[in-house]
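The UniProt record's numbering puts the first residue of the sequence shown at 1, with every later residue one more than the last. What follows is a single structure, written as structure tokens, with notes after it.
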Amino acid sequence: MSATNDELELFDNFRADLDDHNDRRERLIKASRDATNLSKKTIFLLHRLMMEDSNISTVDNAPGKRAALRGREKLVEVQTIYAGLRQELEGNRFWRYQSQVSPGLQEYIEALGFAHYLEYGSLITFDQVQQTLADSQGVPFFPLTISDYLLGLSDLTGELMRYAISGISRRGGRKKASEVCAFVRGCKSDFERLTPYVWELKKKQYVTGQSLEKIEDAAYAIFVRSSEYDLSPDMLDDIVAQAISSYSTDGLSARPRRGFGHDDLEDT
Numbered sequence: 001m002s003a004t005n006d007e008l009e010l011f012d013n014f015r016a017d018l019d020d021h022n023d024r025r026e027r028l029i030k031a032s033r034d035a036t037n038l039s040k041k042t043i044f045l046l047h048r049l050m051m052e053d054s055n056i057s058t059v060d061n062a063p064g065k066r067a068a069l070r071g072r073e074k075l076v077e078v079q080t081i082y083a084g085l086r087q088e089l090e091g092n093r094f095w096r097y098q099s100q101v102s103p104g105l106q107e108y109i110e111a112l113g114f115a116h117y118l119e120y121g122s123l124i125t126f127d128q129v130q131q132t133l134a135d136s137q138g139v140p141f142f143p144l145t146i147s148d149y150l151l152g153l154s155d156l157t158g159e160l161m162r163y164a165i166s167g168i169s170r171r172g173g174r175k176k177a178s179e180v181c182a183f184v185r186g187c188k189s190d191f192e193r194l195t196p197y198v199w200e201l202k203k204k205q206y207v208t209g210q211s212l213e214k215i216e217d218a219a220y221a222i223f224v225r226s227s228e229y230d231l232s233p234d235m236l237d238d239i240v241a242q243a244i245s246s247y248s249t250d251g252l253s254a255r256p257r258r259g260f261g262h263d264d265l266e267d268t
């Protein structure tokens with residue numbers, strides 16, 4: 001009889017462990033979804049703030065600094081979520097539940113990296129990301145993996161494509177698009193050597209290549225058209241603004257062909 005009681009107690013413990021695992025997993029999935037939604041809203045906010053400025057390329061980069069400040073303020077909400085997960089992910093628990101945490105974390109890195117680029121024009125470092133996920137004493141809430149860092153930055157290239165294309169028709173937009181194009185090209189080249197070591201990076205590299213191609217197509221088309229006119233940069237900006245007004249940044253299927261208007265877009 002005692003053996004039966006021991007077996008029942010053993011299975012009760014198993015049940016308690018499974019219930020604890022499932023409850024924790026659901027809490028982490030919900031937190032990751034909340035972090036993802038807030039990060040996406042931050043990215044939309046950054047795009048909107050940059051579009052509100054008439055000149056996106058200034059000497060002091062005031063538009064980028066203002067947008068980055070607002071974006072970081074918004075991301076504090078995400079950091080608060082991750083601070084609340086500290087006990088849930090103590091010790092080896094992080095590695096057990098990493099797949100539940102990674103999606104939201106990558107979206108957060110994408111948003112944080114976008115804000116950083118708008119202010120500094122450079123790639124946010126691994127240590128800088130980890131510092132935002134730590135307490136006041138600098139102790140991390142949980143480990144930041146190299147794979148999450150790289151995959152989040154790889155997603156960033158898509159937002160940079162949208163930023164470059166949407167702003168190319170405004171004052172300073174042609175110069176900014178050229179800078180973004182060179183930056184994305186460098187990211188793709190540097191990330192390529194890491195694809196054998198990071199799962200999913202190869203697939204994301206394909207998307208990065210599509211984003212780069214779209215920036216290059218738009219920049220090249222504008223350069224060719226601009227070379228036809230012997231006008232000042234400001235007047236060229238006005239011509240570009242009129243010509244590219246219908247150029248779509250939604251998706252990656254539309255590529256420019258010879259011109260800028262709706263009739264000059266080819267779906268592939």
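Ideal placement from N, C-alpha and C gives every residue a C-beta, glycine not left out. Small disclaimer: the values here were computed from a predicted structure and weren't measured.
>> In chain order, what are the residue ranges of uninterrupted alpha helix (DSSP H) at least 4 long that sit wholly in the stretch 154-225?
In response: 173-192
Do Leu194 and Thr132 have their beta-carbon atoms positioned less than 9 Å apart in this structure? no
(Q) I need the DSSP call for Pro140, collapsed to helix, strand or coil. (A) strand
*Using 10 angstroms around the beta-carbon of Gln87, count the other beta-carbons present and answer buried if the total reaches 16, otherwise exposed.*
exposed
With which residues is Ala111 paired in a DSSP beta bridge?
Paired residue(s): none; Ala111 is not in a bridge.
ask   = Residue ranges of each beta strand (DSSP E) run of no fewer than 3 residues wholly in the stretch 12-90, ordered along the chain?
value = none
- Task: Please classify Ile43: is it buried, with 16 or more other beta-carbons within 10 angstroms of its beta-carbon, or exposed?
- Result: buried
Where Leu153 and Thr4 are concerned, what is the direct C-alpha to C-alpha distance, given to the nearest angstrom?
55 Å
Which listed residue (Ser169, Ser32 and Val207) has its alpha carbon closest to that of Gln98:
Ser32
Using the Cβ count rule (16 or more neighbours within 10 Å means buried), how would you classify Glu90? exposed
Worksheet item: Could you check where the alpha helix (DSSP H) with Asp127 kicks off and where it finishes?
Response: Phe126 to Thr132
* Thr4 (DSSP reduced to helix, strand or coil) -> helix
Margin query: If the criterion is Cβ atoms closer than 9 Å, does the pair Leu151 and Lys204 meet it?
Written below: yes
Rounded to whole angstroms, what is the Cα-Cα separation between Gln137 and Arg171? 43 Å
Quick one: grab the DSSP three-state call for Ser227. coil
Review point. If you drop the 5 nearest sequence neighbours on each side, which residues of the same chain put their C-beta closer than 7 Å to that of Ala134?
Key: Pro140 and Phe141
Compute the Euclidean distance between the alpha carbons of Leu212 and Glu228, then round it to the nearest angstrom.
-> 25 Å
Problem - Straight-line gap, Asp23 to Lys214 (C-alpha atoms, nearest Å) - result: 44 Å
query: To which residues of the same chain is Leu45 closer than 7 Å at the C-beta, ignoring the five residues directly before and after it?
result: Arg70, Gly71 and Lys74
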